[in-house]
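Protein chains in written order, with this note's numbering: chain A, 11 to 295; chain B, 11 to 295; chain C, 11 to 295; chain D, 11 to 295.
For every residue, glycine included, the Cβ atom is placed at its ideal position computed from N, Cα and C.
Number of protein chains: 4
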Amino acid sequence: MTKSTARLLISCPDAKGIIAGVAAFIAQYEGNIVEADQHVDPEHGDFFMRVEIELDGFRLNPGNFAGAWGPFAERFAMRWSVEWSNITKRVGIFVSKQSHCLNDLLWRWQGGELDAEIPLVISNHRDCEAIVRNCGIEFQHVPVTPENKAEQEARQIELLEAAKVDVIVLARYMQVLTPEFVAQYPNRIINIHHSFLPAFAGRRPYHAAYERGVKIIGATSHYVTDRLDDGPIIAQATLAVDHRDAIDDLIRKGRDLERMVLARAVRLHVQDKILVSRNKTVVFD
Amino acid sequence: MTKSTARLLISCPDAKGIIAGVAAFIAQYEGNIVEADQHVDPEHGDFFMRVEIELDGFRLNPGNFAGAWGPFAERFAMRWSVEWSNITKRVGIFVSKQSHCLNDLLWRWQGGELDAEIPLVISNHRDCEAIVRNCGIEFQHVPVTPENKAEQEARQIELLEAAKVDVIVLARYMQVLTPEFVAQYPNRIINIHHSFLPAFAGRRPYHAAYERGVKIIGATSHYVTDRLDDGPIIAQATLAVDHRDAIDDLIRKGRDLERMVLARAVRLHVQDKILVSRNKTVVFD
Amino acid sequence: MTKSTARLLISCPDAKGIIAGVAAFIAQYEGNIVEADQHVDPEHGDFFMRVEIELDGFRLNPGNFAGAWGPFAERFAMRWSVEWSNITKRVGIFVSKQSHCLNDLLWRWQGGELDAEIPLVISNHRDCEAIVRNCGIEFQHVPVTPENKAEQEARQIELLEAAKVDVIVLARYMQVLTPEFVAQYPNRIINIHHSFLPAFAGRRPYHAAYERGVKIIGATSHYVTDRLDDGPIIAQATLAVDHRDAIDDLIRKGRDLERMVLARAVRLHVQDKILVSRNKTVVFD
Amino acid sequence: MTKSTARLLISCPDAKGIIAGVAAFIAQYEGNIVEADQHVDPEHGDFFMRVEIELDGFRLNPGNFAGAWGPFAERFAMRWSVEWSNITKRVGIFVSKQSHCLNDLLWRWQGGELDAEIPLVISNHRDCEAIVRNCGIEFQHVPVTPENKAEQEARQIELLEAAKVDVIVLARYMQVLTPEFVAQYPNRIINIHHSFLPAFAGRRPYHAAYERGVKIIGATSHYVTDRLDDGPIIAQATLAVDHRDAIDDLIRKGRDLERMVLARAVRLHVQDKILVSRNKTVVFD
Numbered sequence: 011m012t013k014s015t016a017r018l019l020i021s022c023p024d025a026k027g028i029i030a031g032v033a034a035f036i037a038q039y040e041g042n043i044v045e046a047d048q049h050v051d052p053e054h055g056d057f058f059m060r061v062e063i064e065l066d067g068f069r070l071n072p073g074n075f076a077g078a079w080g081p082f083a084e085r086f087a088m089r090w091s092v093e094w095s096n097i098t099k100r101v102g103i104f105v106s107k108q109s110h111c112l113n114d115l116l117w118r119w120q121g122g123e124l125d126a127e128i129p130l131v132i133s134n135h136r137d138c139e140a141i142v143r144n145c146g147i148e149f150q151h152v153p154v155t156p157e158n159k160a161e162q163e164a165r166q167i168e169l170l171e172a173a174k175v176d177v178i179v180l181a182r183y184m185q186v187l188t189p190e191f192v193a194q195y196p197n198r199i200i201n202i203h204h205s206f207l208p209a210f211a212g213r214r215p216y217h218a219a220y221e222r223g224v225k226i227i228g229a230t231s232h233y234v235t236d237r238l239d240d241g242p243i244i245a246q247a248t249l250a251v252d253h254r255d256a257i258d259d260l261i262r263k264g265r266d267l268e269r270m271v272l273a274r275a276v277r278l279h280v281q282d283k284i285l286v287s288r289n290k291t292v293v294f295d
Numbered sequence: 011m012t013k014s015t016a017r018l019l020i021s022c023p024d025a026k027g028i029i030a031g032v033a034a035f036i037a038q039y040e041g042n043i044v045e046a047d048q049h050v051d052p053e054h055g056d057f058f059m060r061v062e063i064e065l066d067g068f069r070l071n072p073g074n075f076a077g078a079w080g081p082f083a084e085r086f087a088m089r090w091s092v093e094w095s096n097i098t099k100r101v102g103i104f105v106s107k108q109s110h111c112l113n114d115l116l117w118r119w120q121g122g123e124l125d126a127e128i129p130l131v132i133s134n135h136r137d138c139e140a141i142v143r144n145c146g147i148e149f150q151h152v153p154v155t156p157e158n159k160a161e162q163e164a165r166q167i168e169l170l171e172a173a174k175v176d177v178i179v180l181a182r183y184m185q186v187l188t189p190e191f192v193a194q195y196p197n198r199i200i201n202i203h204h205s206f207l208p209a210f211a212g213r214r215p216y217h218a219a220y221e222r223g224v225k226i227i228g229a230t231s232h233y234v235t236d237r238l239d240d241g242p243i244i245a246q247a248t249l250a251v252d253h254r255d256a257i258d259d260l261i262r263k264g265r266d267l268e269r270m271v272l273a274r275a276v277r278l279h280v281q282d283k284i285l286v287s288r289n290k291t292v293v294f295d
Numbered sequence: 011m012t013k014s015t016a017r018l019l020i021s022c023p024d025a026k027g028i029i030a031g032v033a034a035f036i037a038q039y040e041g042n043i044v045e046a047d048q049h050v051d052p053e054h055g056d057f058f059m060r061v062e063i064e065l066d067g068f069r070l071n072p073g074n075f076a077g078a079w080g081p082f083a084e085r086f087a088m089r090w091s092v093e094w095s096n097i098t099k100r101v102g103i104f105v106s107k108q109s110h111c112l113n114d115l116l117w118r119w120q121g122g123e124l125d126a127e128i129p130l131v132i133s134n135h136r137d138c139e140a141i142v143r144n145c146g147i148e149f150q151h152v153p154v155t156p157e158n159k160a161e162q163e164a165r166q167i168e169l170l171e172a173a174k175v176d177v178i179v180l181a182r183y184m185q186v187l188t189p190e191f192v193a194q195y196p197n198r199i200i201n202i203h204h205s206f207l208p209a210f211a212g213r214r215p216y217h218a219a220y221e222r223g224v225k226i227i228g229a230t231s232h233y234v235t236d237r238l239d240d241g242p243i244i245a246q247a248t249l250a251v252d253h254r255d256a257i258d259d260l261i262r263k264g265r266d267l268e269r270m271v272l273a274r275a276v277r278l279h280v281q282d283k284i285l286v287s288r289n290k291t292v293v294f295d
Numbered sequence: 011m012t013k014s015t016a017r018l019l020i021s022c023p024d025a026k027g028i029i030a031g032v033a034a035f036i037a038q039y040e041g042n043i044v045e046a047d048q049h050v051d052p053e054h055g056d057f058f059m060r061v062e063i064e065l066d067g068f069r070l071n072p073g074n075f076a077g078a079w080g081p082f083a084e085r086f087a088m089r090w091s092v093e094w095s096n097i098t099k100r101v102g103i104f105v106s107k108q109s110h111c112l113n114d115l116l117w118r119w120q121g122g123e124l125d126a127e128i129p130l131v132i133s134n135h136r137d138c139e140a141i142v143r144n145c146g147i148e149f150q151h152v153p154v155t156p157e158n159k160a161e162q163e164a165r166q167i168e169l170l171e172a173a174k175v176d177v178i179v180l181a182r183y184m185q186v187l188t189p190e191f192v193a194q195y196p197n198r199i200i201n202i203h204h205s206f207l208p209a210f211a212g213r214r215p216y217h218a219a220y221e222r223g224v225k226i227i228g229a230t231s232h233y234v235t236d237r238l239d240d241g242p243i244i245a246q247a248t249l250a251v252d253h254r255d256a257i258d259d260l261i262r263k264g265r266d267l268e269r270m271v272l273a274r275a276v277r278l279h280v281q282d283k284i285l286v287s288r289n290k291t292v293v294f295d
């Protein structure tokens, strides 16, 4: 029912006439703009834009877009990418023992809410194997130790490539990925951290939150970079707690936050609504 | 520091090429678009757009804009308006006895947060007179009874016109305005209702909420129309309550909601971020 | 790990010395109070109390409690009940076609989060049959038409009794129960309504919310009474939406609210934290 | 209208029979308990209780309470205090240049919402002098430099004692108090920090939040201890922001959070609803 679109994402130094130029370019190829968002970061003079163009009638396609667009983009020194909504994104999920985020993503996927395919789940444990296989999804058990991490990451990349995965979701995956691995998927690995970052980065955030006596807990979804829990934040949410909440209650309540926030981040990513710049995100939602 | 801009608000039937056309028009007059938002209501095929253009360098101004833009607008059957950010909006406030919303608006205005002038406060009581006069603002006492309502509304309109008021804010004004009065200020009278509309429309909503035993209370800011508490909603907010909250607690907690929601609605209006269509608002924030 | 407790729920006219009397009674039988909450409704002079007593060392049990407590309770004209945490509550779920609330409850139950057993799911459709059976839970298909409603409700009650169900959860069950059925389970049928009640009671609340142009949607869990969507509210939650949200978006976002709110209500019920009085709830959480 | 009460706050090691003992003690002196809350920290075995007793009919008063209660309290090794609601708390406010939190407290105080007296405002600047004097409140200008801090704090304490101040509220007071000063008012100095602690402790939290690209900002009210921004947290609140919010927007939106959170903390304190233990608060609300 929803019409297929091309989604054009642009960042460049701000300049006069960019929007008019982009709109004229699209009109020239008979595209109909169904959504257009832009933002200027006044501090750095960065310009960001997201344009969604109906494919129906548009004379550009994956084959000829770059050729036509390239010279125009160069004039404004644009970093850009284009995504085609009729080419469904392929999500690979990494999980450890805890299943709530995985389960939630699978449930949304089954309900047609996720707008993506899930061809592969990789885990360093076998706890979630049955859930995954019951959904008809490939499950790969890749246990990781400090000794075999390098070769296991090579194995993971092999599996991801075989499954043509576009974006990796760490659904409470408790292993730290190496910088080498991360470099393969820039702004394409989404993590959920079970705290309101930058508070309580690192291990056992609910224990730390309990210890500090906070009155609100949070969850944060972000792109993974070399620096642990420090990548560009995509989505966050918080929830009130009080002195009656023991650590187990924080963990229980937090699970709901984590599920919501991760699902929101994945949805934004597969709909090509996120631009990254200077370790921050611009989310056109 | 913020640069002056023209804010162009457009509604029309959706059609191919509107955005490109608008952008080209603005480029033709050497305008720089600093913000552009659009929205299509897929149900009715309505197109909405808000464009903000830097005045610096723009060859159109309040004197020549309509002449240049009119023919283009006609082509797309646009309803449109243009506002100039260097012409500060003038807000007239109506209040009865309760001062919290008035106070809050005055406080924001004094702090430079409101982006508007407040030349006039009209009240059917004298309770808020001192607060208003202390701010150096004209206060007019216009008591209203069922018998004198027509003539008092005439008096109010006279005062509003003398003070060159652009938009009226009912900051807990407890009189119902006549359709004749409302017709003078279409989508230019902002009310705050102390419930989550459409729940608990009418009188004494906190009492009704208490009686019903709701676990959340709310506040709603909307444009005033002929139908009581039924105009286009601009902003809403809610707050958790529980069985320990007596009616007085709901009233107390609700005051904070009302202040926030009304301030938000007024701010959106004076920044020309609201379009109204089919008794609903499109808020480009 | 959590110690077993007796949960004593009391409502009566307020009077001097109730708390002291209750505490003395429990001390007399060597009970250790691990939690005690009370509330006085000052409007009606109603007193409410919830006391949780460790079973370890307590000289009263399901066999002798009523005999000992009865005379004391009578002195204060108490309505009271006592629940024993080591007797796990049995939840029967009713569902129609939409599975999200059912799924969520099953997921929490499997994760040990629900503190209850789920021996039976009844549905007027077969859509959720596989999900239920995969969890090893009895699924009964009881299709309902206007003609056969009476006999099918008799069938439902038979099944509920056979499964020793204590509380019924309507997890988006789209049939209205008859007053006769409801009378069998006073304050023991929990419904989820997909709006912020009392706004948008009845059918298709998301459509109504969209039509009205609200800026916040909600979900409400309540006990079922004879009057549709009018029973005592247990829990509510809300979520911001805007003009970009089509009806489908409201439905999608609302699903998350519904899941959360229903799960919260069921949890409160099975932990015996809810008292009902005058069509309102006192929730001791 | 509200009846006067004694508010008894207790912390001690958990033990059998405390609640019954307390209730019996109060009954012995013909007190009527109108509210009773308790909490056990299962990790440390700490017991906390707050009991509110109607003064009407109660045979204990500020003169004879300690004598009667002392021996009982000793038996359970209680730390305890008793507050009398008919002895209104006296709040001293410290402020620097920014007036929003001060203003908000004054506004609530004038509206009868605060349940306290405000006899004194101390500031290291003169910006807020007029606001304070207009309310008929004593304003003292006590400028502080690194050199004169010790003597100026001595002066402040003198003023606070002369005004019989019970609790100090730092309403965006930008000076760090010395440990010597803090030691004079243990758990009686309430600060508002403009971030979601422990994130962004220290200076310029909105700038830090902007830099990090968080999607939610917060405010935290806490008791002041020797360690900067690390005292027991009383109340927190958060608010969604996005990439369009410049630092000035965070500051503007944050002001509303700060006002709400500080007012809430002050209200809880003056109603004797907060117990402090192990650098955390138990808030009986």
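Chain D contact residues for residue 289/A, given Cβ-Cβ distances below 7 Å:
223
So is residue 66/C in contact with chain B if we call contact Cβ pairs under 8 Å?
no
Does residue 99/B come out as helix, strand or coil in the three-state DSSP assignment?
strand
Do residue 256/C and residue 52/B count as a contact pair if the criterion is CB distance below 8 Å?
yes
Nonlocal neighbours in the same chain, by C-beta distance under 6 Å from residue 45/B, ignoring five residues either side
62
Report yes or no: do the stretch 198-210 of chain B and the stretch 230-240 of chain B share at least 3 C-beta pairs separated by less than 8 Å?
yes
Proximal residues to residue 13/D (C-beta, below 8 Å), its chain only, five neighbours per side dropped
44, 64, 65 and 66
Runs of alpha helix (DSSP H) wholly within the stretch 104-179 of chain A (minimum 4 residues, chain order)
110-120, 139-144 and 159-172
Assuming residue 248/B and residue 226/C are in contact, meaning their beta carbons sit under 8 Å apart, how far apart are those beta carbons, in whole angstroms?
6 Å
Could you give the residue range of the beta strand (DSSP E) that holds residue 233/B?
226-233
Just the Cα atoms here: how many angstroms apart are residue 3/A and residue 16/A?
Because chain A spans 11 through 295 in this model, residue 3/A falls outside it and cannot be assessed.
Where the alpha helix (DSSP H) containing residue 273/B begins and where it ends
257-280
Same chain, Cβ closer than 6 Å to residue 128/C, five either side skipped, listed in chain order:
101, 119 and 147
CA nearest to the CA of residue 56/C, picked from 42/C, 37/C and 87/C
87/C
Would you give the residue range spanned by the beta strand (DSSP E) that residue 58/C belongs to?
56-64
So is residue 157/B buried or exposed if we call it buried at 16+ other beta carbons inside 10 Å?
exposed
Please determine if the stretch 263-271 of chain D and the stretch 270-285 of chain C are in contact, where contact requires at least 3 C-beta pairs separated by less than 8 Å.
no
Suppose only complete runs of 4+ residues qualify. What are the alpha helix (DSSP H) ranges in the stretch 13-56 of chain B, listed by chain order?
28-38
Inter-residue Cα distance where the pair is residue 165/D and residue 92/D:
29 Å
Over what stretch of residues does the alpha helix (DSSP H) that includes residue 194/D continue unbroken?
189-194
Does the CB of residue 119/D have a neighbour CB from chain B at under 8 Å?
no
Nearest-angstrom Cβ-Cβ length linking residue 209/A and residue 30/B, presumed shorter than 8 Å:
Wrong, their Cβ atoms sit about 45 Å apart, outside the cutoff.
Nearest chain A C-beta to residue 281/B closer than 8 Å, yes or no?
no
What do you get for residue 105/B, buried or exposed, if any count of 16 or more other CB atoms within 10 angstroms of its CB means buried?
buried
Limits of the unbroken alpha helix (DSSP H) element including residue 78/D
75-85
How many angstroms separate the CA atom of residue 179/A from the CA atom of residue 170/A?
12 Å
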